[in-house]
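Scroll down for the structure; my scribbles are underneath it.
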Amino acid sequence: MSTGSKLSGTEAGAQLDPRRRKLLFRSWHRGMKEMDLIFGQYADMHIATMDEDTLNEFERLLEVLDRDLFKWITGEDKTPEAFDTVLFRDLILFRDKIDY
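Heads up: the sequence shown begins at 7 in the numbering used here, then just goes up one per residue.
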């Protein structure tokens with residue numbers, strides 16, 4: 007997991023390859039506002055520096071329904087073992103640091 011500098015969604019998107027731009031867009035357009043804010047801000051900060059494996063994992067998380075992700079991130083439901091990864095745990099920690 008690598009850290010990146012925070013760029014606005016527009017700035018970040020303009021500097022990214024097509025796959026990263028698509029993931030950034032999907033991060034900000036999930037459907038549930040809370041998840042948009044968590045995933046969107048996380049992607050703004052980290053998408054540019056994610057390695058291929060982390061990108062694959064992030065993309066896999068974006069396929070999960072918001073209602074499930076929200077329950078896992080808030081601790082309402084236990085995170086399934088297949089998704090209890092370093093990346094997902096980083097998202098949980100990130101949740102407490104962002105501006106809503």
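The C-beta atom is built at its ideal place from N, Cα and C for all residues, glycine as well.
* Please check the pair LEU29 and ALA49, which I expect to be a contact at CB under 8 Å, by giving their CB distance rounded to whole angstroms. => Contact holds; Cβ gap of about 6 Å.
* Asked: Quick one, which of GLU63, ARG66, ARG25 and PHE94 has its alpha-carbon nearest TRP78's?
  -> Checked all of GLU63, ARG66, ARG25 and PHE94; the closest Cα to TRP78 is PHE94.
* Flag this pair as yes or no: are the beta carbons of MET41 and ASP90 separated by less than 7 Å? => The answer is no: Cβ separation not under 7 Å.
* Asked: From THR60 to GLY81, what distance separates their C-alpha atoms?
  -> Put simply, the backbone Cα of THR60 is about 23 Å away from that of GLY81.
* Cβ distance (whole Å) where ILE53 is taken to contact PHE100 below 8 Å -> Between PHE100 and ILE53 the Cβ distance is about 13 Å, and since that is not below 8 Å, they are no contact.
* Report yes if the C-beta distance between ILE104 and GLN47 is below 7 Å; otherwise report no. => Contact check for ILE104 against GLN47 passes: the beta carbons are separated by less than 7 Å.
* Cα-Cα separation between MET38 and ARG32, rounded to whole angstroms -> When rounded, the distance between both Cα atoms is 12 Å.
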